[in-house]
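Residue numbers (our numbering): 488 to 857.
Where is the CB? At the ideal position from N, CA and C, for every residue including glycine.
Everything on this sheet refers to the single structure shown next.
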Amino acid sequence: MSRVPGAENSVWCGRAPFGAFSYWSLIPHPGLGREVFVLVENNTENEEDVPSQALEVAAVEETLPEEIAKVDHSQLYVWVADSGNDRIQKFDGNGKLLMSFGTSGSTRPPYLPGEFKTPSGVAVDTEGYIWVVDTGSHRIQKFDPDGDFFLEFGGEGWGQEKFYMPEEIVAEPTGTILVADTSNHCVKRYDSDGEFLLSFGFAGNFDGFMKFPVGLALDREGNIYVADRDNQRIQIFNEDGQFLSKFGEYGFEPGRLNFPTGIAVRRDGTIMVAEKSQNRIQLFSREGHSVGILGEPGKRDGQFNCPCSVVEDPYGYVFVVDTLNQRVQKFDPDLNFVSKWGIVGKEPGQLYNPSGLCLSWEPDWAPQEE
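What follows is the structure, given as structure tokens:
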């Protein structure tokens with residue numbers, strides 16, 4: 488690594504966080520109160536291609552997103568539904584294990600509080616309570632922020648108070664939760680006490696109907712996105728569960744879907760869909776047009792083997808549960824690989840067929856919404 492002489496700020500050449508040979512700087516950002524990573528020149532051929540000594544790095548800052556910067560992910564929490572180990576594990580955004588709770592329960596009723604049978608989804612609400620979709624026992628369990636059991640509801644069946652193999656859950660800003668009642672082919676809303684509020688969807692392939700919904704996401708307007716797996720499509724509903732639009736059909740080409748499982752909506756409105764059978768994350772515009780693909784089959788960094796869940800943090804970093812590679816992968820806002828953690832096993836921090844994840848963070852960590 489070498490330094491460009493004569494610049495007012497320190498400009499360095501070498502391997503930037505993106506992995507390419509670049510010229511970059513860390514400069515103070517008055518608004519964020521910390522240093523910000525600024526890319527000056529990227530993908531240069533060698534160290535002879537030095538930028539002009541008259542370059543003013545501070546002027547470059549205004550052309551780049553403020554949050555692509557030196558983000559402290561120790562205050563971000565990644566919650567993983569470690570399905571094969573019947574537990575929930577909490578990591579920080581750098582992959583450090585912070586907490587684990589849950590044990591394997593009975594293979595048949597009665598199911599005891601705090602025990603799990605293939606938990607598939609996890610969500611953290613605005614009060615810090617942890618909600619778990621306990622798929623094999625057809626119920627929802629709620630835990631306090633320390634991982635201690637708080638309440639449960641559900642049981643095998645159909646109707647307002649029952650579930651059949653539910654697989655996903657999201658917490659809404661209002662304190663309510665949404666559950667993908669997968670094998671009952673619908674989505675249900677409950678309040679913080681587990682009281683039923685709303686259900687939408689029926690078995691079928693018409694607009695608003697579903698066939699094994701397995702993924703849920705919200706956008707900033709409160710619209711609900713459903714990964715309608717066996718219909719090979721994404722459906723969008725308003726906050727009252729009324730159908731708005733859909734996109735996708737079965738296939739392998741960009742724009743088509745092959746068993747979509749996880750879904751997330753980025754800050755700019757881009758929709759990310761995890762296709763477990765295609766081993767990729769496909770990106771769509773708000774209108775449902777394919778605008779990019781992240782990943783390919785494999786075990787290397789940035790490759791996937793049955794990715795089942797995807798989320799974005801407030802700074803634009805993306806986290807993916809790479810299920811059959813037994814790991815979580817982290818990408819920067821431009822979807823460049825950053826890091827990974829997890830190996831197959833039962834010890835703390837190890838994973839066995841993880842399926843779902845969600846994020847939470849310290850109150851002052853996230854940037855202020857505009």
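Candidates the options: closest to residue i by CA position
i    : options                : result
G843 : Q628, I750, Y651, F689 : I750
V567 : F818, P700, P850, F806 : F806
D633 : F824, G644, T669, V611 : V611
G681 : G785, Q790, Q647       : Q647
D819 : I830, G623, Y802, N812 : Y802
V674 : G695, G662, T661       : G695
F730 : P700, Q722, Y737       : Q722
E726 : E774, F771, V713, G589 : V713
G756 : I780, S591, L705       : L705
K833 : G571, Q562, V558       : G571
E659 : I711, H625, V701       : I711
Y616 : G789, K629, S624, S607 : K629
S679 : L638, K698, H672       : L638
Y651 : T661, N671, V666       : N671
Q769 : K786, P600, L685, G735 : G735
T663 : S686, Q813, W645, F588 : S686
N812 : F824, G829, V825       : G829
L684 : Q576, G728, Q837       : G728
Endpoints, the beta strand (DSSP E) within which residue i is located
i    : result
M586 : 584 to 588
Q722 : 720 to 724
P606 : 606 to 611
P747 : 747 to 752
F824 : 824 to 828
A667 : 664 to 668
K675 : 673 to 677
R869 : No statement about residue 869 is possible, as the shown extent of the chain runs from 488 to 857 and does not include it.
E708 : Element bounds for E708: n/a, residue is neither H nor E.
Identified DSSP bridge partners for residue i
i    : result
L703 : V713
Y737 : L744
G641 : R626
R814 : D809
P794 : D809
W618 : A610, K629
Q837 : Q837 pairs with nothing; no bridge assigned.
S732 : I723
L770 : M759, G779
E654 : DSSP lists no partner for E654.
E799 : V805
For residue i, three-class secondary structure by DSSP
i    : result
S593 : coil
T686 : The sequence given here places Ser at residue 686; Thr does not occur at that position. In this structure, S686 counts as strand in the three-state DSSP scheme.
E522 : Per-residue confidence for E522 stands at a pLDDT of 43, beneath the threshold of 50, marking its modelled position as unreliable; the derived number appears in the next sentence. Note: E522 maps to strand in three-state DSSP.
L542 : Residue confidence is low: L542 scores 33 on pLDDT, short of 50, so the model does not pin down where it sits. No coordinate-derived value is stated.
A853 : coil
L551 : Any answer about L551 is weak, because its pLDDT of 40 lies below 50 and its placement is not dependable; what the coordinates show is given next. Residue state, collapsed to three classes: coil.
G861 : Outside the modelled stretch of the chain, which goes from 488 to 857, sits residue 861, for which no answer is possible.
G779 : strand
S570 : helix
Q562 : helix
P784 : strand
M697 : strand
E532 : For E532, the predicted model reports a pLDDT of 40, less than 50, meaning its position is unreliable; a value from the coordinates is still stated below. Coil, per DSSP.
E602 : strand
Contact test: residue i Cβ vs the ligand GTP heavy atom, cutoff 8 Å
i    : result
P660 : With respect to small molecules bound, the structure shown includes none, and the ligand GTP cannot be examined in it.
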